[in-house]
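Chains as they are written, first to last, in our numbering: chain P, 1 to 216; chain C, 217 to 432.
The beta carbon of each residue, even a glycine, is placed where N, CA and C say it ideally should be.
For clarity, every value in this text was computed on a predicted model and none was experimentally measured.
Protein chains: 2
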Amino acid sequence: MLDLAILGLLQEGDLHGYEIRRRLRDSLGLMANISFGSLYPALARLETAGAVRGIEAGTASPLATGAAMGSLSGELAALRSKRTAIARPKKSKKVYRITDAGRGLFTELLAAPATSDDARGFSLRVSFAKYLTPELRIALLQRRRTQLQDRLSEVCAATKRDDLDVYARSVVDHTAQGVRQDIAWLDALLAAERERSSTDLTNPNPGGQVMAPVND
Amino acid sequence: MLDLAILGLLQEGDLHGYEIRRRLRDSLGLMANISFGSLYPALARLETAGAVRGIEAGTASPLATGAAMGSLSGELAALRSKRTAIARPKKSKKVYRITDAGRGLFTELLAAPATSDDARGFSLRVSFAKYLTPELRIALLQRRRTQLQDRLSEVCAATKRDDLDVYARSVVDHTAQGVRQDIAWLDALLAAERERSSTDLTNPNPGGQVMAPVND
DNA sequence: AATCGTTGTATCGAATCGATACATCTGTTA
DNA sequence: TAACAGATGTATCGATTCGATACAACGATT
Chain P
1 MLDLAILGLL
11 QEGDLHGYEI
21 RRRLRDSLGL
31 MANISFGSLY
41 PALARLETAG
51 AVRGIEAGTA
61 SPLATGAAMG
71 SLSGELAALR
81 SKRTAIARPK
91 KSKKVYRITD
101 AGRGLFTELL
111 AAPATSDDAR
121 GFSLRVSFAK
131 YLTPELRIAL
141 LQRRRTQLQD
151 RLSEVCAATK
161 RDDLDVYARS
171 VVDHTAQGVR
181 QDIAWLDALL
191 AAERERSSTD
201 LTNPNPGGQV
211 MAPVND
Chain C
217 MLDLAILGLL
227 QEGDLHGYEI
237 RRRLRDSLGL
247 MANISFGSLY
257 PALARLETAG
267 AVRGIEAGTA
277 SPLATGAAMG
287 SLSGELAALR
297 SKRTAIARPK
307 KSKKVYRITD
317 AGRGLFTELL
327 AAPATSDDAR
337 GFSLRVSFAK
347 YLTPELRIAL
357 LQRRRTQLQD
367 RLSEVCAATK
377 RDDLDVYARS
387 VVDHTAQGVR
397 QDIAWLDALL
407 AAERERSSTD
417 LTNPNPGGQV
427 MAPVND
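Right, here's the structure in full:
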């Protein structure tokens, strides 16, 4: 799950650990703060698997001019206004770049079965849904919808119980409300998706690339 | 966190592992299905700590004393009469009972600082809020409210970003909506709490509802 | 110059997950 | 009746994730 998130972020540019964490927090919006105790092992894992490559940015950076600066300049340009083209990272930063194998792993994980009751995994996949084909996108949404429907049945059954005190009942009611909200959101997404597929016959998958070959 | 949930459930009667899991799912409504890989270690943990006592209710249990079996049969009879259609305790079951030390641990955990961004822990505490004093109850709700307010600021900032595609934006928007919903829920709980403390001098908790049920 | 907050990498133990194994009881159907 | 599927029930394994902590360089404030 973290692997998918990391690969998805690196898909759009090289990043270092701290920045990945930040983007998971506010760019992807939802994920509770990922701890470094998860993040760094995950990065090491991915590097061992050959999905990413870590580049020490402490010395003369051999690749600092390309996509690396493209993604990092927004964050770092303000700090390094003195030097424009080449970064001068005195600090020991480790920038990670996705590999071709990593891109393959990403698409594989993105379309994966998406284990049962996982809200985080689902939101994450929707965040990266532009990398999916329209069919896989709809499949993802519908899978989640049936899951939520089942969940709603359970929670509504719990609502009917008469042995709950005010507080427990309030929690259950609020939970049911949240699930309904999620289902409504899904329905809106599905409707938009069908809308898009009906009007987009000439230009499917706009702005997204399923596989963009980049030399590595 | 799991310890708190287990102790809270055992507070209302002896249970065995499978049943604890079930109640966590639909009685408490919210928790994603707790895996047995968490549950049984947690029970062993609590038993080692002296917070619960496990009673073998199966065949040929050499350590089960006659006294233990005697009291156990009474408990099992009560349990069976309550849930005849659903649960039928027959053989090889291990029923857990909370101890006095466990009750102390429960109240201690229930009033604990409640680590930063934990939605599950909060809902769990609200579910058991009837065991809290009105002051601690309000403190719990207000603590959570400021957390959610901060969270909302972050998420709203993310909403303003212009580099998000439709899907990522939809996720962020929906997340923000969810946080607002949670805050509204908290406000309703807080209002009900103040209401109760002002009118409750003679008639505590008359089986009414905290808030108007939001049906649809 | 001293101190504080932010950025940044890293590791440790414990909690939790997801999968799996195995055994008993119940109801259905061949 | 026998076989089978499915719920109930306990338990453990490896891998993932969490929460706390340590450390270090830098910028800004005072």
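Closest by CA to C/Pro350, which one among C/Arg410, C/Ala384, C/Thr331?
C/Arg410
With H, G and I counted as helix, E and B as strand and the rest as coil, what does DSSP make of C/Gly270?
strand
Distance cutoff 8 Å, beta carbons only. Does C/Leu295 sit that close to anything in chain P?
In this prediction, C/Leu295 scores a pLDDT of 38, lower than 50, which makes its location untrustworthy; the coordinate-derived value is nonetheless stated afterwards. Closer than 8 Å: no.
What residues in its chain sit with their C-beta under 8 Å from that of P/Asp3, if we drop five residues either side in the sequence?
Ala42, Arg45, Leu46, Ala51, Leu105, Leu109
Pair every Cβ in the region 365 to 379 of chain C with every Cβ in the region 239 to 258 of chain C, then say whether three or more of these pairs are closer than 8 Å.
No contact exists between the region 365 to 379 of chain C and the region 239 to 258 of chain C.
Using a Cβ cut-off of 7 Å, which residues of the region 106 to 129 of chain P contact any Cβ in chain C, in chain order?
Asp117, Ser123, Val126, Ser127, Ala129
Chain C beta carbons: is any one of them nearer than 8 Å to that of P/Ser197?
no
Can the beta-carbon of C/Leu405 be found closer than 8 Å to that of C/Arg313?
no
Distance CB(C/Ser386)-CB(P/Val95) smaller than 8 Å:
no
Tell me the rounded alpha-carbon separation between C/Asp378 and C/Ala384.
11 Å
Is P/Lys94 helix, strand or coil by DSSP?
strand
Please identify, using Cβ separations under 9 Å, the residues of the region 181 to 193 of chain P that lie next to chain C, in order along the chain.
Gln181, Asp182, Trp185, Ala188, Leu189, Ala192
Cutoff 8 Å; reference C/Phe252; Cβ partners in own chain excluding five residues on either side
The answer, listed in chain order, is Gly233, Arg237.
If you run the structure through DSSP and keep just helix, strand and coil, what is C/Pro420?
For C/Pro420, the predicted model reports a pLDDT of 49, less than 50, meaning its position is unreliable; a value from the coordinates is still stated below. Three-state DSSP puts C/Pro420 in coil, outside helix and strand.
Tell me which residues share the same chain as P/Ser38 and place their Cβ nearer than 8 Å to its Cβ, disregarding the 5 neighbours each side in the sequence.
Contacts found: Leu2.
Quick one: is P/Glu154 near chain C, going by C-beta distance under 8 Å?
yes
Go ahead and label C/Thr415 buried or exposed: buried means 16 or more other beta carbons lie within 10 angstroms of its beta carbon, across all protein chains shown.
Per the 10 Å Cβ criterion, exposed.
First and last residue of the alpha helix (DSSP H) that includes P/Arg180?
166 to 199
Taking the straight line between their C-alpha atoms, what separation do you get for C/Tyr347 and C/Thr323?
Rounded to whole angstroms, the separation of the alpha carbons of C/Thr323 and C/Tyr347 is 8 Å.
C-beta neighbour in chain P for C/Glu311, strict 8 Å
The sequence shown places Val at residue 311 of chain C, rather than the Glu named in the question. No, its Cβ sits nowhere closer than 8 Å to a Cβ of chain P.
Taking only runs of the beta strand (DSSP E) that begin and end inside the region 92 to 141 of chain P, which ones reach a length of at least 3 residues, in chain order?
Counting only runs of 3+ residues, the beta strand (DSSP E) found wholly inside the region 92 to 141 of chain P occupies 94 to 98, in chain order.
So for C/Gln227, helix, strand or coil by DSSP?
Of the three classes helix, strand and coil, the one that applies to C/Gln227 here is coil, per DSSP.
Cβ-based contacts, 9 Å cut-off: residues of the region 17 to 38 of chain P near chain C:
Listed in sequence order: Arg25, Asp26, Ser27, Leu28, Gly29, Leu30, Ala32, Asn33.
Quick check: the Cα distance between P/Gly54 and P/Thr48, rounded to an integer number of angstroms?
10 Å
Within-8 Å CB hit, C/Asp435 to chain P:
With chain C covering only 217 through 432, there is no way to say anything about residue 435 of chain C.
Since P/Thr159 contacts P/Val172 with CB under 8 Å, what's their CB separation in whole angstroms?
5 Å
Contact check, C/Gln397 vs P/Gln181, beta carbons under 8 Å:
yes
To the nearest angstrom, report how far apart C/Glu228 and C/Arg353 are at their CA atoms.
20 Å
Taking the alpha helix (DSSP H) that C/Ile236 falls in, what are its first and last residues?
233 to 238
How many Å lie between C/Ala345 and C/Gln393 at the Cα?
26 Å
Neighbour list for C/Gly394 in chain P, Cβ cutoff strictly below 8 Å:
Gly178, Gln181
Starting from the C-beta of C/Arg239, find all residues in its chain whose C-beta is less than 6 Å away, skip the five residues before and the five after it, and write them out in chain order.
Leu225
Using a cut-off of 8 Å between C-beta atoms, extract the partners of P/Ser92 located in chain C.
Within 8 Å Cβ-Cβ: nothing; P/Ser92 doesn't reach chain C, min ~28 Å.
Would the beta-carbon of P/Gly50 be found less than 7 Å away from any heavy atom of the ligand NAP?
Of the ligands one can find in the structure shown there are none, so the ligand NAP has no counterpart to examine.
Please state whether DSSP places C/Leu262 in a helix, a strand or coil.
Three-state result, C/Leu262: helix.
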